Amino acid sequence: MEVGLNHYLALAAILFSLGLFAVVTKKNAVTVLMGVELILNAANINFVAFARFIDTDLDGQIIAVFVIVTAAAAAAVALAIVLNLYERLKSINLDEADSLAG
Amino acid sequence: MITNAILILLLPLAAFVVQISFGKRLPRKGDWLSTGAMFIALFMALSILVDAISTYESNKVLAAQTWEWFSFGSVHVTFGIVIDNLTAFMLFVVTLISALVHLYSIGYMHGDPRYSRYFAYLGLFSFSMLGLVLVDNFLGIYVFWELVGLSSYLLIGFWFEKDSASNAGKKAFITNRIGDVGMFAAIMILFSTFGTFDFDGVFAGVAAGGLSDGWLTAAGILLFFGAIGKSAQFPLHVWLPDAMEGPTPVSALIHAATMVAAGVYMVGRTFVLYSADALFFIAVIGTITAFMAATIAIVQKDIKRVLAYSTISQLGYMMVGLGTGGYTAGLMHLTTHAMFKALLFLGSGSVIHAVHSQEMDDMGGLRKKMPITFWTFLIATLALSGVPPLSGFFSKDAILASALEYGMRHSGQMWIFVIMLLSAGITAFYMFRLVYMTFFGEPADKKKYDHAHESPLTMTLPLMILAVFSIGTFSWGWFEHLISKPSLAAYGAVAAVAEHGGGHDDVAHTAHTIAMISSIVVALSGILLATTVYYWKKISAETWGSRLKPLYNLLWNKYYFDELYAATIISGTLWKSRFLAMFDLRVIDGVVNGVGRLTAGLSNVSGKVDLRVVDGLVNLVGRIVAYAGARLRTLQTGNVQSYLLMALFAVIILFVIQQF
Amino acid sequence: MPVLNANLTLQAAQFANLPETLQTILFMVLGAAIFAGAAAVLALVGVYLERKISAHMQDRVGPMEVNTEIPVLKNIGHGWAQTLADALKLLIKEDIVPAEADKKLHLMAPFIVFAATLAGFSVLPFGPGLVASDLNVGLFYIIAISSFVVIGIILAGWSSNNKWSLLGAMRSAAQIVSFEIPASLALLVVIMAVGSLNLGDIVAAQAGGIHKWLIWWYPPFNILAFFVFFVASLAELNRAPFDMPEAESEIVAGFHTEYSGMKWAMFFLAEYANMFLVGVIIATLFLGGWTSPFGDFLNSGPFPVFWVTLKAFIVIFVQIWLRWTLPRVRVDQLMYTSWKVLTPFAFVAMVGAGIWMML
Amino acid sequence: MDFTNIAFYIFAALTVGSAGVMVFHRNVVYSAVGLLFAFFGVAGIYVLLAADFIAIVQILIYVGGILILLLFGVMLSQKLTKVDVRTESMQLVPAVVVVGGVLAVLLLTISSTPWKLAGSLEYEPTTKAIGRLMMTEYLIPFEIASVLLLAALIGAAYIARKN
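Residue numbers (numbering that gives the first Met the number 0), protein chains in the order written: chain A, 0 to 101; chain B, 0 to 659; chain C, 0 to 358; chain D, 0 to 162.
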């Protein structure tokens, strides 16, 4: 079967779900971050695939570049937060960071 | 030529960047680098000027180029350079004075702890000023306008250890901002109407009648607000005398020759924009400024302050020239004034350098000690007083002629000419007062006098060069041919749009003759009076000062402008705060206390009811809520991930609902 | 598959009969094999050079004496068998894996490092058309792929379960990441000058002799970029004077403390292969690549390969020379060099060259 | 089945497989390694989508930047040489249900949407075109992105430093 847009979108959807699963279930903050990166990658695949198959100009790719840039910034800040969390709680398990629990 | 212009623009910028980053590590702290860059720029500007003069065509656009800067939506903002005759002259004036000031500063600033930073700031200023002259649109002129203001702020407060210097810097910056707000509003009016920042685009739009008369006048006056701030016109002139806290070469470059003239240049550049009403407004402001500043200058004792007020007064002249339709006259006075006022400042700097004081009471008799400074200073003074055949005579005479012509054409407006003529006499008087007090007579302070000596060559050479330019390189005819009044017709105006100002007819001719004769007479009588008072000492200045005590105090306190602003704006704010505090304390607190007492009484009563009846109900409700909360709080886990899970669940439910 | 198209020039006849897919795959496998072999050989040559040059510079005895008892070869002398002995030693040494180590990652790390180095080779041009993969983003690709090395090093350090290893790995990673910035900025100068990321285009722009080399363009900015890149590449290779990650006196042997035998040899080979890679990159970007320094003279046949190899080895020689001449710097001095010296200078070179280009 | 299709399946399998390792492995460092190969696979997918520049950027930023940061994060927040860096999972059952639901929703939407396919499928170098677009049409986003990066840099340094 010829590989087309749907294949790429399905791949992205699977990747997205895997990332989401990691974000929802993992206790370790770094692993959660990894899940976020997977989600962003899935979104990027969609952007680039749409740029290729639907709208043949480069807008999708440029947005992908911006997503990557933003992801880098987000990762840096998030890791700083993780380190700070570790400073305070001596742990980076998210279920222990529950001082807002009702 | 475009390449030349870009290089002229970039050379000072490069010098600034290099100086600010590694100035301290360069040999001689890098003064040669900045100075060299400015001299190269000067020669390039000279070649452009020679081109302009040899072409000899009226208002010819020698070169222009536009680049797209950025765009958002359908708005494309361009950035361009335009070189016409006016630009060529301005480029020459700015680079010449900047280069000479650089050279002069090598001697003047010798040994200053922030020597290289000083040159860096000078480079930044030169870059900004040249950019201001070169750009072809309102946004660009605004950007460079602010940059010029910034570098002026940095240089005024250069010796920021002195409170007076840093305060003067802040004062200059804030006062300028007030004017800039008006200018910004004007630019926004034009931009929102025409959708472009380009001069040509805006002028073409105005010519096509895109703005109603009222809006056009408003835009013109608002735009002029910018010039009021930057060119120190009434009522925002208060910053310029204080700006003399900066190093003297800076005063020469920025606060005499170039930056303060930027307002005049801007009005000249956008001249076709102004309606007749706006021009009248400009003329009135200029007249007030010229007269007021000239009178203040009579009584000042600080040599630089006299020159500062003289500058304000001369800027007023330029504005009157422009406002009364004497476009060429105003811009020519800009050029000639730049030369001799820079010379005066540099000369005063030389004197200050020699006696280490700015008070004229400390000087006197310096003629023999500092011959070069004296003779060049004298030439500049004669030029400023309007003595023929020096350059100042031609330009000032042209402004007076323009004012007179305006008076002859518009009934009831003759007062402008009369006041301007009077101010011309006062100008001659206070300038010669300055010369006599500084260079003639007996030395007031013998120790300082003995210590004084002629300045080094790096300082006197600029004086001599500027003296040559003050003597009379500019004569009226060819300047008028090169830079003649632009008209809206060039931008395709319909014939119905009225042309303002006159032409070469009998009225103009008569006006010119009368103005010339009267200006010479007035100037000479001013000089005569000064000579009588301060050289022959036939009339005692002190006696007349005490006889006219109220007037003297008024002038000495500069018409109480600073006090007025302090009394209105600053103490107004304080008074308002105090009033609010009082209101708070008396009224609000009183009300609150009263309410409190009332409540206490009522509470006593209701407390009894409460305890019995209400509590029972409340406890019941409370128990219900507590039960529900205990059930629901389990949802609030404090864990982001479980919230996310719930949100996702909601997404699925929404999808399902949407499907069926 | 034009993007991944392997245009190796050797085209055997029976190859053409195979299905296209199979051909492409065969090309790729063959190319990889050739490069793995070539890299290993070049690395051995590099090791040999290092040994001999250090021995000459510091009067080291061992590398000048290694010999054999086999009659014919006995009296060649000058320690010719040193590399052979080194290789043999590595092959027969016991492969020790620490008991507390993470076995899988411990095994995987050297492969990642070596594979990343090898992958970099695939875009290097060794002559007109003589390039495994003519990527139009070649230069950028090299920068990107070299970041795999960092991952490999971190994994090696961490999986060894040894604090010296981990410290060495962290140092190395921080060092490589920091120096990537000035190196990439310096490369930007070249990219701006040529207007292409393709290494073939970059070489083509310098054709016509020594005076056309990119190092002479926009003086002095390109020379500045050259020096910045050279110094930064030294640091990225973890070579002296920037060899903190394996500073014996401080942290034993850094990230490969717990490695021995073949796995250690992989790191070793990767380091020397990396040196060669950097040599070729510098030769390509600044020194005319495979073009002859004499214009058209000696610029055809096998000479392009000769020239680029020669230039690369000259660069390698300088690297070795520096290693045996300079003392090691401190960690804070290293970071100072990167952020406060090289990065500003790289910016100066970039902006200067840009302004020069606009004029 | 030509080479492109095979390559797609190879890269897709690599991506999904390594992402699976990332998600389901209990050791954080193995998760990171899984993520490394997932990033690599996604880069391959980009190449197949004719986005060579994005592919390289993907490797450069994700592998060379973000992944290294993540590894640093793992190592700085554990005892230095403790191999046993496990991560535990929670709310597994609801997560399986909900994420499965999301996946089903996505796949349903993808398959039921009539995409308007258009355009040629040429392979063209994109670097120059992207650079041009960045400096013209996308200039303001570009500048904003640089400001964002600067802010993130300063912010991260400020948050992470020890008080």
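Yeah, the Cβ is synthetic: ideal placement off N, Cα and C, and Gly gets one too. Remember, predicted model here, so these are calculated numbers, not experimental data.
Worksheet item: What's the gap between the Cα of residue 346(B) and the Cα of residue 484(B)?
Response: In the second sequence, the residue the question calls residue 346(B) occupies position 347. In the second sequence, the residue the question calls residue 484(B) occupies position 485. Near 34 Å, if we compare the C-alpha coordinates of residue 484(B) and residue 346(B).
Worksheet item: For chain D, is any of its Cβ atoms less than 7 Å away from the one on residue 135(C)?
Response: The count along the third sequence starts at 1 and reaches residue 135(C) at position 136. Closer than 7 Å to some Cβ of chain D, the Cβ of residue 135(C) qualifies, so yes.
Worksheet item: So which of 393(B), 433(B) and 419(B) has the shortest CA-CA distance to residue 364(B)?
Response: As a first step, residue 364(B) is located in the second sequence; it is residue number 365 there, counting from the start. If we check each option's Cα against that of residue 364(B), 433(B) comes out closest.
Practice prompt. Whole angstroms is fine: what's the gap from residue 36(B)'s alpha carbon to residue 269(B)'s?
Written response: Locating residue 36(B) in the second sequence gives position 37, where the first residue counts as 1. Locating residue 269(B) in the second sequence gives position 270, where the first residue counts as 1. Cα to Cα, residue 36(B) sits roughly 30 Å from residue 269(B).
Discussion item. Excluding the 5 residues flanking residue 273(C) on each side, which residues of the same chain have their C-beta closer than 6 Å to its C-beta?
Written reply: Indexing the third sequence from 1 puts residue 273(C) at position 274. 116 and 236.
Item to complete: Mind checking who residue 81(B) pairs with in its DSSP beta bridge?
Response: Counted from its first residue, the second sequence places residue 81(B) at position 82. Its beta-bridge partners are 63(B).
Worksheet entry | Contact belief for residue 309(B) with residue 426(B) at Cβ below 8 Å, rounded distance in angstroms | As a first step, residue 309(B) is located in the second sequence; it is residue number 310 there, counting from the start. As a first step, residue 426(B) is located in the second sequence; it is residue number 427 there, counting from the start. That belief holds up - the Cβ atoms of residue 309(B) and residue 426(B) are roughly 7 Å apart, short of 8 Å.
Practice prompt. Verify whether the separation of the beta carbon atoms of residue 2(A) and residue 7(D) is less than 7 Å.
Written response: As a first step, residue 2(A) must be located in the first sequence, where it is residue number 3. As a first step, residue 7(D) must be located in the fourth sequence, where it is residue number 8. Contact flag set, yes.
Discussion item. What are the residues in the region 61-83 of chain A lying within 8 Å of chain D by C-beta distance?
Written reply: 61, 63, 64, 65, 67, 68, 69, 70, 71, 72, 73, 74, 75, 76, 78, 79, 80, 81, 82 and 83
Practice prompt. Report all residues from its chain with a CB closer than 8 Å to the CB of residue 157(C); omit the five preceding and five following residues, and keep chain order.
Written response: Here residue 157(C) refers to the residue found at position 158 when the third sequence is read from its first residue. Answer for residue 157(C): 101, 104, 164, 165 and 168, listed in chain order.
Practice prompt. For residue 644(B), return the contacting residues in chain A, with the cut-off set at a CB-CB distance below 8 Å.
Written response: As a working mapping, residue 644(B) is identified with position 645 in the second sequence. 23, listed in chain order.
Worksheet item: Where residue 120(C) and residue 16(A) are concerned, what is the direct C-alpha to C-alpha distance, given to the nearest angstrom?
Response: Position 121 of the third sequence, counting from 1, holds the residue named residue 120(C). Position 17 of the first sequence, counting from 1, holds the residue named residue 16(A). Each residue's alpha carbon lies about 36 Å from the other.
Worksheet entry | Whole-Å CB distance - residue 74(B) paired with residue 194(B), under 8 Å assumed | For the purposes of this step, residue 74(B) is identified with residue 75 of the second sequence, where counting begins at 1. For the purposes of this step, residue 194(B) is identified with residue 195 of the second sequence, where counting begins at 1. Contact holds; Cβ gap of about 7 Å.
Worksheet entry | Burial state of residue 618(B) (16 or more Cβ within 10 Å) | Translated into the one-based positions of the second sequence, residue 618(B) becomes position 619. Exposed, because fewer than 16 other Cβ atoms sit within 10 Å of the Cβ of residue 618(B).
Discussion item. For residue 29(A), list the residues DSSP reports as bridge partners.
Written reply: As a first step, residue 29(A) must be located in the first sequence, where it is residue number 30. According to DSSP, residue 29(A) bridges with nothing at all.
Worksheet item: Using 7 Å as the limit for Cβ to Cβ distance, is residue 196(C) near chain D?
Response: As a working mapping, residue 196(C) is identified with position 197 in the third sequence. So yes, residue 196(C) belongs to the interface.
Practice prompt. Determine whether the Cβ of residue 2(D) lies closer than 7 Å to any Cβ atom of chain C.
Written response: Within the fourth sequence, the letter at position 3 stands for residue 2(D). Answer yes: the Cβ-Cβ gap between residue 2(D) and chain C drops below 7 Å somewhere.
Worksheet item: How would you call residue 210(C), buried or exposed, if buried means at least 16 neighbouring beta carbons within 10 angstroms?
Response: The residue given as residue 210(C) occupies position 211 in the third sequence. Per the 10 Å Cβ criterion, exposed.
Worksheet entry | Near-chain C residues of the region 49-70 of chain D - C-beta to any C-beta below 7 Å | 51, 52, 55, 58, 59, 62, 63, 66, 67 and 70
Worksheet item: Comparing the C-beta of residue 640(B) with each C-beta of chain A, is any distance below 7 Å?
Response: Locating residue 640(B) in the second sequence gives position 641, where the first residue counts as 1. For residue 640(B), the answer is yes, since a Cβ of chain A falls inside 7 Å of its Cβ.
Practice prompt. Closer than 9 Å by beta-carbon distance: list the chain D residues that pair up with residue 150(C), in chain order.
Written response: Position 151 of the third sequence, counted from the first residue, corresponds to residue 150(C). Here the neighbours are 31, 32, 35, 62, 63, 66, 67 and 70.
Fill in: Neighbourhood of residue 154(D) by C-beta, 6 Å cutoff - its chain only, sequence neighbours within 5 removed
As a working note, residue 154(D) is residue 155 in the fourth sequence. Correct list: empty, nothing qualifies.
Fill in: Interfacial residues, the region 19-30 of chain D to chain C, with Cβ spacing under 7 Å
28
Discussion item. Considering only their Cβ atoms, is the gap separating residue 18(D) from residue 113(A) smaller than 7 Å?
Written reply: Chain A is shown only over 0 to 101; residue 113(A) falls outside these bounds and no answer can be derived.
Practice prompt. Closer than 6 Å by C-beta to residue 80(D): which residues in its own chain qualify, once you throw out the five before and the five after it? Chain order, please.
Written response: The residue you call residue 80(D) lines up with position 81 of the fourth sequence. For residue 80(D), the pLDDT reaches just 48, beneath the cut-off of 50, and the residue's location in the model is therefore unreliable, although a value from the coordinates is still provided. The answer is none, since no qualifying residue turns up.
Discussion item. In the DSSP output, which residue or residues are listed as bridge partners for residue 143(B)?
Written reply: Residue numbering aside, residue 143(B) sits at position 144 when the second sequence is read from its first letter. For residue 143(B), which the question treats as bridged, DSSP gives no partner whatsoever.
Worksheet item: Just reading off the alpha helix (DSSP H) that residue 179(C) is part of, what are its end residues?
Response: Here residue 179(C) refers to the residue found at position 180 of the third sequence. Residues 162-193.
Worksheet entry | Contacts of residue 660(B) in chain D (Cβ-Cβ under 8 Å) | With chain B covering 0 to 659 only, the question about residue 660(B) has no answer from this structure.
Fill in: Assigned exposure category for residue 458(B) - 16 Cβ within 10 Å defines buried
Reading the second sequence from its first residue, position 459 is the one you call residue 458(B). Flag for residue 458(B) reads buried.
Fill in: residue 421(B) versus residue 280(B) - alpha carbon distance
What you label residue 421(B) is simply residue 422 of the second sequence in a count that begins at 1. What you label residue 280(B) is simply residue 281 of the second sequence in a count that begins at 1. Approximately 20 Å between the Cα atoms of the pair.
Practice prompt. State buried or exposed for residue 51(A), treating a residue as buried only when at least 16 other CB atoms are found within 10 Å of its CB.
Written response: As a working note, residue 51(A) is residue 52 in the first sequence. Counting Cβ neighbours within 10 Å, residue 51(A) comes out buried, since at least 16 surround it.
Worksheet item: From residue 9(D) to residue 22(C), what distance separates their C-alpha atoms?
Response: One-based indexing of the fourth sequence puts residue 9(D) at position 10. One-based indexing of the third sequence puts residue 22(C) at position 23. If I take the Cα positions, the gap works out to 17 Å.
Item to complete: Since I believe residue 13(D) is in contact with residue 36(D) (beta carbons under 8 Å), could you give me their beta-carbon distance rounded to a whole number of angstroms?
Response: Within the fourth sequence, the letter at position 37 stands for residue 36(D). Within the fourth sequence, the letter at position 14 stands for residue 13(D). Residue 36(D) to residue 13(D), Cβ: 6 Å. Contact.
Worksheet item: Could you give the distance in angstroms between the alpha-carbon of residue 94(C) and the alpha-carbon of residue 326(C)?
Response: The sequence position of residue 94(C) within the third sequence is 95, counting from 1. The sequence position of residue 326(C) within the third sequence is 327, counting from 1. About 32 Å.
Fill in: residue 647(B) at chain D interface by Cβ criterion, 7 Å
The count along the second sequence starts at 1 and reaches residue 647(B) at position 648. Yes, its Cβ sits closer than 7 Å to a Cβ of chain D.
Discussion item. Just verifying my parser: in three-state terms, what is the DSSP assignment at residue 332(B)?
Written reply: Position 333 of the second sequence, counting from 1, holds the residue named residue 332(B). Residue state, collapsed to three classes: helix.
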